[in-house]
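Just so you know, the sequence shown maps onto residues 4 to 48 in our numbering.
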Amino acid sequence: MPTDIDQEKLIHEIDKILQKINADYEAKRTNDILLKLPKITFVPK
4 MPTDIDQEKL IHEIDKILQK INADYEAKRT NDILLKLPKI TFVPK
């Protein structure tokens with residue numbers, strides 16, 4: 004299971020990738036206007 008810091012980094016990286024591939028998502032994520040960071044549920048392997 005990733006540490007809390009690793010989880011936070013992963014969430015931010017996923018957010019960056021989503022913004023890069025989806026302009027609509029990027030527009031809505033700008034300054035957290037309409038969307039917040041994605042919520043990811045980490046489960047044990």
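Glycine is no exception: its CB is placed at the ideal position from the N, C-alpha and C atoms.
Per DSSP, what kind of secondary structure is Ile43 in: helix, strand or coil? Correct three-state label for Ile43: coil.
Indicate, with yes or no, if the ligand GDP has a heavy atom lying under 7 Å from the CB of Ile8. Here there are no bound small molecules, and the ligand GDP is not part of this structure.
Close beta carbons around Ile43, own chain, < 8 Å, minus the five adjacent residues each side: Gln10, Leu13, Ile14 and Ile17
Quick one, are the C-beta atoms of Lys31 and Leu37 less than 8 Å apart? Yes, they are a contact pair.
Tell me which residue opens and which closes the alpha helix (DSSP H) that Asp18 is part of. Asp7 to Ile24
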